[in-house]
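Worksheet: the structure to be examined is printed underneath.
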Amino acid sequence: TVIYHYNPALPLVSVELVFKSGSAANPVDSPGLASFTAQMLDEGTLSRSSMQIADQVAQLGASLSAGASIDASSAQVMSLKKNIDQAVDLLADVVLNPSFPLDEIERQRSSRLAELRQQRENAPAIASRVAAAALFGDKHAYGYLELGTESANKATQRDDLIAFWKKNYVPSNAALVVSGAMTGDEVKAMAQAKFGQWQGAASPIASLGKPETTAARLVLVDQPDAPQTALQLEAIGVERKSLDYAALQVLNGAFGGLFTSRLNTNLREQKGYNYGVGSGFQFQRVSGTFTISGSIRTDVTVPALKDIFKEIKAI
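Take 5 as the starting number for the sequence shown in the numbering used here and just add one per residue.
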(Lines of atoms letter the chains of each structure in order from A and count residues from 1; the text may use other names and numbers.)
(Lines give C-alpha, C1' and ligand atoms only; values in the text may rest on other atoms or scores of the structure.)
Protein backbone atom coordinates (compact mmCIF):
# COMPACT_ATOMS: atom_id res chain seq x y z
CA THR A 1 0.00 0.00 0.00
CA VAL A 2 1.28 3.47 -0.90
CA ILE A 3 -0.20 6.57 0.75
CA TYR A 4 0.88 9.78 -0.94
CA HIS A 5 0.48 13.50 -0.19
CA TYR A 6 1.91 16.11 -2.53
CA ASN A 7 3.26 19.13 -0.64
CA PRO A 8 5.56 21.42 -2.66
CA ALA A 9 5.84 24.13 0.01
CA LEU A 10 9.40 23.07 0.88
CA PRO A 11 11.99 21.04 -1.10
CA LEU A 12 11.69 18.20 1.43
CA VAL A 13 10.34 14.66 1.27
CA SER A 14 9.38 12.35 4.13
CA VAL A 15 9.14 8.62 3.45
CA GLU A 16 7.91 6.24 6.13
CA LEU A 17 7.27 2.51 6.16
CA VAL A 18 4.58 1.64 8.69
CA PHE A 19 3.84 -1.94 9.77
CA LYS A 20 0.62 -3.08 11.45
CA SER A 21 2.60 -4.89 14.17
CA GLY A 22 3.71 -3.14 17.32
CA SER A 23 3.79 -4.10 20.98
CA ALA A 24 0.44 -5.83 20.57
CA ALA A 25 2.24 -8.44 18.45
CA ASN A 26 4.70 -9.30 21.21
CA PRO A 27 4.54 -12.81 22.64
CA VAL A 28 3.09 -12.59 26.15
CA ASP A 29 6.42 -13.65 27.67
CA SER A 30 8.43 -11.14 25.57
CA PRO A 31 7.18 -7.60 26.27
CA GLY A 32 9.41 -5.06 24.54
CA LEU A 33 10.32 -7.32 21.59
CA ALA A 34 8.72 -5.07 18.93
CA SER A 35 10.52 -2.02 20.32
CA PHE A 36 13.84 -3.88 20.56
CA THR A 37 13.50 -5.12 16.96
CA ALA A 38 12.74 -1.64 15.59
CA GLN A 39 15.63 -0.18 17.56
CA MET A 40 18.01 -2.61 15.86
CA LEU A 41 17.08 -1.78 12.26
CA ASP A 42 19.64 1.00 11.75
CA GLU A 43 22.36 -0.76 13.77
CA GLY A 44 23.72 -2.63 10.77
CA THR A 45 22.65 -4.29 7.53
CA LEU A 46 24.16 -6.98 5.29
CA SER A 47 26.18 -4.28 3.48
CA ARG A 48 26.51 -1.41 5.98
CA SER A 49 27.67 -1.10 9.58
CA SER A 50 25.88 1.15 12.04
CA MET A 51 28.65 3.75 11.66
CA GLN A 52 28.41 3.65 7.87
CA ILE A 53 24.65 4.16 8.07
CA ALA A 54 25.07 7.12 10.43
CA ASP A 55 27.81 8.65 8.25
CA GLN A 56 25.76 8.35 5.06
CA VAL A 57 22.70 9.85 6.72
CA ALA A 58 24.82 12.79 7.92
CA GLN A 59 26.40 13.31 4.50
CA LEU A 60 22.96 13.52 2.93
CA GLY A 61 21.75 15.99 5.57
CA ALA A 62 18.92 13.55 6.22
CA SER A 63 17.29 12.00 9.27
CA LEU A 64 16.64 8.29 9.73
CA SER A 65 14.72 6.77 12.61
CA ALA A 66 12.80 3.66 13.60
CA GLY A 67 10.54 2.74 16.49
CA ALA A 68 7.46 0.92 17.68
CA SER A 69 4.21 1.92 19.35
CA ILE A 70 1.41 -0.25 20.70
CA ASP A 71 -0.15 -1.07 17.33
CA ALA A 72 2.59 -0.30 14.79
CA SER A 73 6.28 -0.35 13.98
CA SER A 74 7.84 2.10 11.56
CA ALA A 75 11.02 3.36 9.93
CA GLN A 76 11.24 6.84 8.45
CA VAL A 77 13.67 8.94 6.44
CA MET A 78 13.44 12.64 5.57
CA SER A 79 15.75 14.61 3.31
CA LEU A 80 15.94 17.29 0.68
CA LYS A 81 14.21 16.30 -2.55
CA LYS A 82 17.55 16.17 -4.41
CA ASN A 83 18.86 13.52 -1.97
CA ILE A 84 15.72 11.47 -1.49
CA ASP A 85 16.76 8.66 -3.84
CA GLN A 86 19.89 7.91 -1.78
CA ALA A 87 17.99 8.43 1.47
CA VAL A 88 15.33 5.87 0.50
CA ASP A 89 18.13 3.45 -0.45
CA LEU A 90 19.15 3.58 3.19
CA LEU A 91 15.55 3.19 4.39
CA ALA A 92 15.05 0.13 2.18
CA ASP A 93 18.33 -1.38 3.31
CA VAL A 94 17.66 -1.09 7.06
CA VAL A 95 14.12 -2.50 6.70
CA LEU A 96 14.78 -5.26 4.18
CA ASN A 97 18.33 -6.31 5.16
CA PRO A 98 19.03 -5.77 8.88
CA SER A 99 21.86 -7.96 10.15
CA PHE A 100 21.22 -7.73 13.92
CA PRO A 101 24.94 -7.75 14.86
CA LEU A 102 25.58 -9.26 18.28
CA ASP A 103 27.73 -6.41 19.57
CA GLU A 104 25.04 -3.86 18.69
CA ILE A 105 22.36 -6.04 20.31
CA GLU A 106 24.31 -6.02 23.56
CA ARG A 107 24.88 -2.26 23.35
CA GLN A 108 21.17 -1.63 22.83
CA ARG A 109 20.28 -4.12 25.57
CA SER A 110 22.46 -2.21 28.04
CA SER A 111 20.86 1.07 27.00
CA ARG A 112 17.34 -0.32 27.38
CA LEU A 113 18.08 -1.79 30.80
CA ALA A 114 19.56 1.52 31.93
CA GLU A 115 16.43 3.32 30.77
CA LEU A 116 14.24 0.86 32.69
CA ARG A 117 16.32 1.42 35.83
CA GLN A 118 15.93 5.18 35.41
CA GLN A 119 12.17 4.76 35.11
CA ARG A 120 12.11 3.21 38.59
CA GLU A 121 13.19 6.60 39.94
CA ASN A 122 10.61 8.54 37.89
CA ALA A 123 7.21 8.71 39.55
CA PRO A 124 5.14 9.48 36.39
CA ALA A 125 6.87 6.61 34.55
CA ILE A 126 6.09 4.26 37.44
CA ALA A 127 2.46 5.41 37.43
CA SER A 128 2.13 4.75 33.68
CA ARG A 129 3.66 1.28 33.99
CA VAL A 130 1.48 0.30 36.96
CA ALA A 131 -1.65 1.75 35.32
CA ALA A 132 -1.15 -0.34 32.17
CA ALA A 133 -0.77 -3.50 34.24
CA ALA A 134 -3.79 -2.63 36.38
CA LEU A 135 -6.02 -1.98 33.37
CA PHE A 136 -5.06 -4.91 31.14
CA GLY A 137 -3.28 -7.50 33.30
CA ASP A 138 -0.02 -9.37 32.75
CA LYS A 139 -1.47 -11.72 30.09
CA HIS A 140 -2.37 -8.88 27.73
CA ALA A 141 0.13 -7.11 25.44
CA TYR A 142 -1.34 -3.70 26.36
CA GLY A 143 -0.46 -4.41 30.00
CA TYR A 144 3.17 -3.40 29.33
CA LEU A 145 4.83 -0.26 28.04
CA GLU A 146 6.75 -0.43 24.76
CA LEU A 147 10.13 -0.82 26.49
CA GLY A 148 8.99 -4.05 28.14
CA THR A 149 10.46 -5.41 31.37
CA GLU A 150 14.00 -5.95 32.63
CA SER A 151 13.63 -9.73 32.64
CA ALA A 152 12.28 -9.82 29.08
CA ASN A 153 15.02 -7.53 27.75
CA LYS A 154 17.68 -9.66 29.44
CA ALA A 155 16.21 -12.84 27.96
CA THR A 156 15.79 -11.58 24.37
CA GLN A 157 18.14 -13.35 21.95
CA ARG A 158 19.20 -12.50 18.40
CA ASP A 159 16.97 -15.29 17.05
CA ASP A 160 13.95 -13.67 18.76
CA LEU A 161 14.61 -10.36 17.02
CA ILE A 162 15.10 -12.02 13.64
CA ALA A 163 11.92 -14.06 14.05
CA PHE A 164 9.84 -10.97 14.88
CA TRP A 165 11.32 -9.13 11.90
CA LYS A 166 10.73 -11.99 9.48
CA LYS A 167 7.15 -12.43 10.59
CA ASN A 168 6.07 -8.79 10.68
CA TYR A 169 8.28 -6.76 8.35
CA VAL A 170 6.60 -7.97 5.17
CA PRO A 171 4.95 -6.03 2.32
CA SER A 172 1.43 -7.30 3.00
CA ASN A 173 1.71 -5.83 6.50
CA ALA A 174 3.11 -2.47 5.40
CA ALA A 175 2.19 0.93 4.03
CA LEU A 176 4.66 3.31 2.37
CA VAL A 177 3.68 6.84 3.37
CA VAL A 178 5.20 9.65 1.27
CA SER A 179 4.72 13.36 1.83
CA GLY A 180 6.56 16.24 0.19
CA ALA A 181 7.74 17.72 -3.08
CA MET A 182 7.35 14.60 -5.23
CA THR A 183 4.84 14.07 -8.01
CA GLY A 184 2.66 11.00 -8.11
CA ASP A 185 4.68 9.54 -11.00
CA GLU A 186 7.92 10.05 -9.06
CA VAL A 187 6.48 8.32 -6.00
CA LYS A 188 5.28 5.37 -8.06
CA ALA A 189 8.67 4.99 -9.76
CA MET A 190 10.49 5.21 -6.42
CA ALA A 191 8.23 2.63 -4.77
CA GLN A 192 8.69 0.23 -7.68
CA ALA A 193 12.48 0.70 -7.83
CA LYS A 194 13.13 0.38 -4.08
CA PHE A 195 10.47 -2.14 -3.02
CA GLY A 196 9.15 -3.78 -6.19
CA GLN A 197 10.98 -7.06 -5.55
CA TRP A 198 10.14 -7.20 -1.83
CA GLN A 199 8.46 -10.44 -0.85
CA GLY A 200 7.30 -12.18 2.32
CA ALA A 201 4.53 -14.33 3.70
CA ALA A 202 1.39 -12.62 4.99
CA SER A 203 1.58 -11.60 8.65
CA PRO A 204 -1.55 -12.14 10.73
CA ILE A 205 -2.85 -9.31 12.89
CA ALA A 206 -2.22 -10.08 16.54
CA SER A 207 -5.24 -11.47 18.35
CA LEU A 208 -5.61 -9.92 21.78
CA GLY A 209 -7.61 -11.41 24.62
CA LYS A 210 -9.93 -9.51 26.91
CA PRO A 211 -8.38 -7.10 29.43
CA GLU A 212 -8.15 -8.46 32.98
CA THR A 213 -8.65 -5.25 34.92
CA THR A 214 -7.83 -5.28 38.61
CA ALA A 215 -10.73 -5.14 41.03
CA ALA A 216 -8.84 -2.53 43.05
CA ARG A 217 -10.09 1.04 42.75
CA LEU A 218 -6.91 2.50 44.25
CA VAL A 219 -3.39 1.35 43.35
CA LEU A 220 -0.69 2.96 45.45
CA VAL A 221 3.08 2.94 44.88
CA ASP A 222 4.52 4.44 48.04
CA GLN A 223 7.48 6.78 47.64
CA PRO A 224 8.28 8.22 51.07
CA ASP A 225 9.00 11.97 51.23
CA ALA A 226 7.97 12.53 47.59
CA PRO A 227 7.10 16.22 47.10
CA GLN A 228 4.50 15.36 44.46
CA THR A 229 1.92 12.66 43.76
CA ALA A 230 2.13 11.21 40.25
CA LEU A 231 -1.59 10.83 39.75
CA GLN A 232 -3.27 8.82 37.02
CA LEU A 233 -6.96 8.04 36.64
CA GLU A 234 -7.39 5.33 34.02
CA ALA A 235 -10.29 3.66 32.26
CA ILE A 236 -10.73 1.39 29.27
CA GLY A 237 -11.58 3.67 26.37
CA VAL A 238 -12.59 2.99 22.77
CA GLU A 239 -10.90 1.61 19.68
CA ARG A 240 -9.74 3.87 16.86
CA LYS A 241 -12.55 2.90 14.48
CA SER A 242 -15.21 4.09 16.92
CA LEU A 243 -17.82 6.29 15.25
CA ASP A 244 -17.42 8.63 18.23
CA TYR A 245 -13.75 9.35 17.42
CA ALA A 246 -14.19 12.97 16.29
CA ALA A 247 -16.72 13.83 19.00
CA LEU A 248 -14.49 12.38 21.72
CA GLN A 249 -11.52 14.43 20.47
CA VAL A 250 -13.57 17.63 20.74
CA LEU A 251 -15.00 16.58 24.12
CA ASN A 252 -11.54 15.88 25.51
CA GLY A 253 -10.20 19.19 24.22
CA ALA A 254 -12.72 21.00 26.38
CA PHE A 255 -12.33 18.67 29.35
CA GLY A 256 -8.56 18.19 29.68
CA GLY A 257 -6.82 18.12 26.31
CA LEU A 258 -5.88 21.80 26.03
CA PHE A 259 -4.04 24.23 28.30
CA THR A 260 -7.29 26.20 28.61
CA SER A 261 -9.33 23.07 29.40
CA ARG A 262 -11.61 22.80 32.43
CA LEU A 263 -9.22 20.50 34.30
CA ASN A 264 -6.14 22.68 33.89
CA THR A 265 -8.03 25.92 34.53
CA ASN A 266 -9.40 24.53 37.79
CA LEU A 267 -6.37 22.72 39.22
CA ARG A 268 -3.53 24.90 37.94
CA GLU A 269 -4.88 28.37 37.29
CA GLN A 270 -7.50 28.66 40.04
CA LYS A 271 -6.18 26.35 42.77
CA GLY A 272 -2.43 26.23 42.12
CA TYR A 273 -2.29 22.51 42.86
CA ASN A 274 0.25 21.73 40.13
CA TYR A 275 2.01 22.92 36.98
CA GLY A 276 -0.47 21.20 34.74
CA VAL A 277 -2.97 18.36 34.49
CA GLY A 278 -4.49 16.89 31.36
CA SER A 279 -6.48 14.07 29.87
CA GLY A 280 -6.49 12.08 26.67
CA PHE A 281 -7.86 9.13 24.76
CA GLN A 282 -5.36 6.66 23.35
CA PHE A 283 -7.22 5.29 20.36
CA GLN A 284 -5.82 1.81 19.76
CA ARG A 285 -6.76 -1.02 17.45
CA VAL A 286 -8.78 -2.57 20.27
CA SER A 287 -9.64 -1.44 23.80
CA GLY A 288 -8.07 1.99 23.94
CA THR A 289 -7.57 3.94 27.15
CA PHE A 290 -8.73 7.20 28.69
CA THR A 291 -6.27 8.84 31.07
CA ILE A 292 -6.26 11.85 33.38
CA SER A 293 -2.76 12.56 34.66
CA GLY A 294 -0.63 15.14 36.39
CA SER A 295 1.91 15.61 39.18
CA ILE A 296 0.09 17.08 42.17
CA ARG A 297 1.57 18.63 45.31
CA THR A 298 1.47 15.84 47.88
CA ASP A 299 -0.32 17.92 50.52
CA VAL A 300 -3.25 18.69 48.17
CA THR A 301 -3.66 15.25 46.57
CA VAL A 302 -7.09 14.66 48.14
CA PRO A 303 -8.65 18.05 47.24
CA ALA A 304 -7.18 17.75 43.73
CA LEU A 305 -8.86 14.37 43.31
CA LYS A 306 -12.16 15.82 44.50
CA ASP A 307 -11.91 18.60 41.93
CA ILE A 308 -11.05 16.14 39.16
CA PHE A 309 -14.18 14.10 39.93
CA LYS A 310 -16.18 17.33 40.13
CA GLU A 311 -15.09 18.17 36.56
CA ILE A 312 -15.86 14.64 35.37
CA LYS A 313 -19.40 14.90 36.71
CA ALA A 314 -19.85 18.43 35.33
CA ILE A 315 -19.06 17.44 31.76
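A virtual CB, placed ideally from N, CA and C, is assigned to each residue, including glycine.
Counting pairs of beta carbons, one from the region 146-161 and one from the region 248-268, are three or more of them closer than 8 Å? no
Note the first and the last residue of the continuous beta strand (DSSP E) segment covering E20. In this chain, the beta strand (DSSP E) harbouring E20 covers L16 to F23.
Best match in D107, A145 and G65 for proximity to I74 [C-alpha to C-alpha]: Closest by C-alpha distance to I74, out of D107, A145 and G65, is A145.
The beta strand (DSSP E) with E238 in it runs from where to where? Q232 to I240
Drop a sphere of 10 angstroms on the beta-carbon of V223, count the other beta-carbons inside from all chains shown, and report buried for 16 or more, exposed for fewer. Exposed is the call here.
Should T160 be labelled buried (16 or more other beta-carbon atoms within 10 Å of its own) or exposed? buried
Could you have a look at V134 and say whether DSSP puts it in helix, strand or coil? Annotated three-state conformation of V134 is helix, per DSSP.
What is the DSSP secondary structure of I166, reduced to helix, strand or coil? helix
Beta-carbon proximity list for Y277, same chain, < 8 Å, skipping 5 on both sides: L271, I300, R301, V304, P307, A308 and D311
Report the three-state DSSP secondary structure of E125 (helix, strand or coil). coil
Beta strand (DSSP E) segment containing I300, residue limits: T293 to R301
May I ask you to report which of helix, strand or coil DSSP gives I57? helix
Whole angstroms are fine: how far does the CA of F294 sit from the CA of A250? 15 Å
One question on the structure: do S34 and D164 come within less than 9 Å of each other, judged by their Cβ atoms? The criterion of a C-beta distance shorter than 9 Å is satisfied by S34 and D164.
Cβ atoms of A70 and A91: under 9 Å apart, would you say? no
Residue nearest to L84 in terms of C-alpha spacing, selected from L117, H9 and V19: V19
I'd like the list of long-range same chain contacts for R162, defined as Cβ closer than 8 Å, with 5 residues on each side in sequence excluded. F104, L106 and I109
Nearest-angstrom Cα separation, counted from P231 out to N347: Since the displayed the chain opens at 5 and closes at 319, residue 347 lies outside it and no answer follows.
Residues of its chain near V181, where Cβ-Cβ distance is below 7 Å and the 5 sequence neighbours each way are ignored: I7, E20 and V22
In the DSSP assignment, what residue or residues form a beta bridge with I7? V181
Specify the secondary structure class of T217 as computed by DSSP and reduced to three states. coil
Which partner residues of A79 appear in the DSSP bridge assignment? L21 and A70
Measuring only the C-alpha atoms, how far is N101 from Q227? Straight-line Cα distance between these residues: approximately 46 Å.
Taking all protein chains shown into account, do 16 or more other C-beta atoms lie within 10 angstroms of the C-beta of M55, making it buried, or fewer, making it exposed? exposed
DSSP on P307, reduced to helix/strand/coil? Helix.
Range of the contiguous alpha helix (DSSP H) that encloses N256: Y249 to N256
Would the region 241-250 and the region 133-142 be scored as touching if the rule is three or more Cβ pairs under 8 Å? no
8 Å contact criterion, which R2 and F40 should meet: CB distance rounded: Nothing can be reported for residue 2: it is not among the residues displayed for the chain, which extend from 5 to 319.
Can you tell me the Cα-Cα spacing of G284 and G260, whole angstroms? 7 Å
From this set, L50, S27, Q196 and I88, which residue's C-alpha is nearest Y148's C-alpha? S27
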